[in-house]
Amino acid sequence: MLKWLENAVFYEIYPISFYDYNNDGKGDLKGIINKVGYLKELGVNAVWFNPIFKSPFKDGGYDIVDYYEIDEKFGSMQDLEELIKVFHENGIKVILDLVIGHTSNKHKWFKKSALKTKNKYSDYYIWTDDSMNSNEAIYGLYNRNGGYIKNYYASQPALNFGYNQLDLNSPWKMHYKDERLKPLRNEFLNLMRFYLEKGIDGFRVDMASSVIKEGKNFDGENPFDDSDEGLEGVKWFWNEILGTLRKEYKDKVYIAEWVVPQNSIGKCGFDIDFLTHDTLAFNELYRNENNTNLDKYYEKGYNYFSREGKGSLDNFVKYVEFLYSKIDNKGMFTAPTGTHDEIRMGTYKDNDLIKCIFAFLLTIKQIPFIYYGDELGIEHNFTVSKDGGLKRTGARTPMLWNEEKGRGFSQKSTTYLPVSTKKGISVESLTEKENSILNIVKDLIKIRKTHNSLKVSAKQEFIEKSYPAIYKRTGENEEIVVMINPSNGVYKRKEEYKKVLYFNNCEILSNEIILNACSFVILEK
Ligand code: NOJ
124 MLKWLENAVF
134 YEIYPISFYD
144 YNNDGKGDLK
154 GIINKVGYLK
164 ELGVNAVWFN
174 PIFKSPFKDG
184 GYDIVDYYEI
194 DEKFGSMQDL
204 EELIKVFHEN
214 GIKVILDLVI
224 GHTSNKHKWF
234 KKSALKTKNK
244 YSDYYIWTDD
254 SMNSNEAIYG
264 LYNRNGGYIK
274 NYYASQPALN
284 FGYNQLDLNS
294 PWKMHYKDER
304 LKPLRNEFLN
314 LMRFYLEKGI
324 DGFRVDMASS
334 VIKEGKNFDG
344 ENPFDDSDEG
354 LEGVKWFWNE
364 ILGTLRKEYK
374 DKVYIAEWVV
384 PQNSIGKCGF
394 DIDFLTHDTL
404 AFNELYRNEN
414 NTNLDKYYEK
424 GYNYFSREGK
434 GSLDNFVKYV
444 EFLYSKIDNK
454 GMFTAPTGTH
464 DEIRMGTYKD
474 NDLIKCIFAF
484 LLTIKQIPFI
494 YYGDELGIEH
504 NFTVSKDGGL
514 KRTGARTPML
524 WNEEKGRGFS
534 QKSTTYLPVS
544 TKKGISVESL
554 TEKENSILNI
564 VKDLIKIRKT
574 HNSLKVSAKQ
584 EFIEKSYPAI
594 YKRTGENEEI
604 VVMINPSNGV
614 YKRKEEYKKV
624 LYFNNCEILS
634 NEIILNACSF
644 VILEK
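Shown next as structure tokens:
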């Protein structure tokens, strides 16, 4: 595993919503540079930016028309260079989003690919022939004699990195090793080199498993599936790309959006992957109580981080222990506090619960990813879909800096996405408030970064998976025990310890700890 990941704390920024420097109602790169002091003070040491490239924004910038140009609403290439410089001076790494599965249908490669005459870009995308034998293809929109395959929305045609296997009934499907696909692979290698040369520290790879078609695609049925069947193409592809780049650039991080860490990290050379989000994920901990779909991870579908206290971490622990054994120190997964695709946890969880969740995420064996604003407990703020965000739009609204009109995000009276009107949730007000989520998160990050027993490689052992959850982390000459009680129950524990490192809502007696409702304590043994 990359050494710097040991105590890395990542932060995700949705660039249009962080800080509006030029007061046009949209966040920009200069705005983000301006807020580097906040990030440093918070203690995060790597930032992942959602796409900042030229795009019609039919899917939040995940529909690119020019990978080599910064979208003008965000600024210029010069601004990016400045951002990299300033972030590095402040000890913060810069991670860009790599959208490799598709482009916008307005990209010049696609426009040329859609022409009836054969040209350099004809094979850049997946096109059927005229047999209309694919019900996945979209026919009839372009001059070319065939239909194209989309990767996400219809405006996002799939780039052609090939199929896992040839199919005699559909001769237009190319095998992933087909020589005709090499130019596109090189195109992306060169693109990655271009930004790595600028000094960025790595990429978060959008829909990483989608590059090869008809291989194994995670259907969420069996999170413990570890078979190699159907993985040949994608394994070959990523080992090829990442193997090449790792020879050229040291210490860069490659983060897969794949949600199958046993494949992405265990077999394909990535450093980080997300735990399943959306349907089965750890993020669901913050959501639908009684969702029986979650049985695989959570006892009877009950959400563990809930005041009613009916959940258990049993299945979660089984799952992560399976992952640790498969990842085998090559990297580590992340269970993010949220993402731009999720419902914000502030919607479902009250402040004390959110503090418990942060205490958990910042002390378990994983790589913390904090979604901007979650450290304030921002709520999902959904009114209307923008940029193809649908309900996700509610997680993408502006960061709240102060209590003034516009919340310190912008001076413009109407902002691109609506600013929350809820008072009392902002960096300014929560910094002043003792014991606020923000101040607790800052303290927890500090503790995480200064204790070797909280490093990613340090051992972890769960002692109790019900309420309170108790686990031990062991590093060199150091042992830490964490107890977390997200329920309304009150628990008394006799416990010997050297030092209390941190607590919230607990009473600490000389040989007893009382964990009141929604509490946690971190002990050095
Ligand atoms: C995953 C991204 O996180 C999401 O926002 C986007 O819509 C799809 N990939 C398509 O690129």
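The numbering used here puts the sequence shown at residues 124 to 648.
C-beta: ideal position from N, C-alpha, C; glycine also.
Bear in mind that the values here come from a model prediction, so they are computed numbers and not experimental data.
TODO: Express the C-alpha separation of K565 and K478 in angstroms, rounding to a whole number.
DONE: Spanning the two alpha carbons is a distance of roughly 11 Å.
Open item on the list: Here's a check: name, in chain order, each residue in its chain whose Cβ is nearer than 7 Å to the Cβ of L354, leaving out the five neighbours to either side.
Closed with: G338, K339, N386 and K390.
- [ ] Following the continuous beta strand (DSSP E) through M74, name the residue where it begins and the one where it ends.
- [x] What is shown of the chain runs 124 to 648, which leaves residue 74 out entirely.
Task: Close-in-space but distant-in-sequence residues of the same chain around F405 (CB under 6 Å, 5 per side omitted) - done: Caution is warranted here: a pLDDT of 42 is assigned to F405, below 50, making its placement in the model unreliable, and the coordinate value is therefore given only provisionally. Hits under 6 Å: L398 and A458.
Task: Candidates A581, L314, G270 and G496: closest to Y161 by CA position - done: Looking at the Cα atoms, G496 is the closest of the given residues.
- [ ] Quick one: grab the DSSP three-state call for S576.
- [x] In the structure shown, the three-state DSSP call for S576 is helix.
TODO: Apply the 10 Å Cβ neighbour rule to N168 and answer buried if 16 or more other Cβ atoms are within range, or exposed otherwise.
DONE: N168 should be labelled buried.
TODO: For the beta strand (DSSP E) containing E630, list its first residue and its last residue.
DONE: K622 to I631 is the extent of the beta strand (DSSP E) around E630.
TODO: Could you have a look at A581 and say whether DSSP puts it in helix, strand or coil?
DONE: Three-state DSSP puts A581 in coil, outside helix and strand.
Task: Under 8 Å between C-beta atoms of Y276 and G517 - done: Not a contact, by the Cβ cut-off of 8 Å.
TODO: Would you be able to state if there are at least three C-beta pairs under 8 Å between the stretch 197-209 and the stretch 350-367?
DONE: The stretch 350-367, when compared against the stretch 197-209, does not touch it at the 8 Å Cβ threshold.
Task: Exposed unless 16 or more other CB atoms sit within 10 angstroms - verdict on D329 - done: Classification of D329: buried, given that the 10 Å Cβ count is 16 or more.
Open item on the list: Just to confirm, is the Cβ distance from G325 to I378 under 8 Å?
Closed with: In contact: G325 and I378 (Cβ atoms closer than 8 Å).
TODO: Check whether the Cβ of M200 lies closer than 7 Å to any heavy atom of the ligand NOJ, and answer yes or no.
DONE: Outside the cutoff, so no.
Open item on the list: Could you tell me which whole beta strand (DSSP E) segments of length 3 or greater appear in the stretch 477-509?
Closed with: Whole beta strand (DSSP E) segments, 3+ residues: 492-494.
TODO: Taking I139 as part of the alpha helix (DSSP H), name the residues at either end of that continuous run.
DONE: Note, I139: premise wrong, no alpha helix (DSSP H); not H, not E.
Task: Collapsed DSSP secondary structure at H463 in the structure displayed - done: Residue state for H463 is assigned as coil, using DSSP reduced to three classes.
- [ ] Using beta-carbon positions only, say whether N130 and Y142 come within less than 8 Å of one another.
- [x] Contact flag unset, no.
Open item on the list: Based on DSSP bridge pairs, tell me the residues matched to Y447.
Closed with: Partner(s): none; Y447 has no beta bridge.
Task: Entirely enclosed alpha helix (DSSP H) segments - the stretch 303-334, minimum 4 residues - done: Counting only runs of 4 or more, we get 305-320.
Open item on the list: Taking 7 Å as the cut-off, is the C-beta of H463 nearer than that to any heavy atom in the ligand NOJ?
Closed with: True, at least one ligand heavy atom lies under 7 Å from that Cβ.
- [ ] Between the Cα of G322 and those of N345, K375 and P280, spot the shortest distance and give me the residue it belongs to.
- [x] The shortest CA-to-CA distance from G322 to any of N345, K375 and P280 is the one to K375.
- [ ] Reducing DSSP to helix, strand and coil, say where W250 ends up.
- [x] In the structure shown, W250 sits in a strand (DSSP, three-state: E or B).
Task: 4 or more residues per run - each alpha helix (DSSP H) lying fully within the stretch 529-617 - done: If we require 4 residues or more, the alpha helix (DSSP H) runs fully inside the stretch 529-617 come out as 550-555 and 560-573.
TODO: Tell me whether D194 counts as near the ligand NOJ, meaning its Cβ is closer than 7 Å to at least one heavy atom of that ligand.
DONE: Incorrect: D194 has no Cβ contact closer than 7 Å to the ligand NOJ.
TODO: Out of Y539, S508, L499 and M606, point me to the one whose CA is closest to N525's CA.
DONE: Selected option, being the one with the closest Cα: L499.
Task: Touch test, the stretch 435-446 against the stretch 578-595, Cβ-Cβ under 8 Å, three pairs minimum - done: Yes, since at least three Cβ pairs between the stretch 435-446 and the stretch 578-595 fall closer than 8 Å, the two stretches touch.
Open item on the list: DSSP has D189 in a bridge; who is on the other side?
Closed with: The partner list for D189 (beta bridge, DSSP) reads K177.
Open item on the list: Count Cβ pairs between the stretch 562-576 and the stretch 596-603 that sit closer than 8 Å; are there 3 or more?
Closed with: Yes: the two stretches touch, three or more of their Cβ pairs being nearer than 8 Å.
- [ ] Kindly indicate which three-state DSSP category V383 falls into: helix, strand or coil?
- [x] V383: coil per DSSP, three-state reduction.
Task: CA-to-CA distance, D246 to L304, given in whole angstroms - done: Cα-Cα distance, rounded: 7 Å.
Open item on the list: On the criterion of 16 or more Cβ atoms from any shown chain inside 10 Å, does K336 qualify as buried, or is it exposed?
Closed with: Flag for K336 reads buried.
- [ ] Tell me, please, which residues DSSP counts as bridged to W171.
- [x] Looking at the DSSP output, W171 bridges to E135 and I218.
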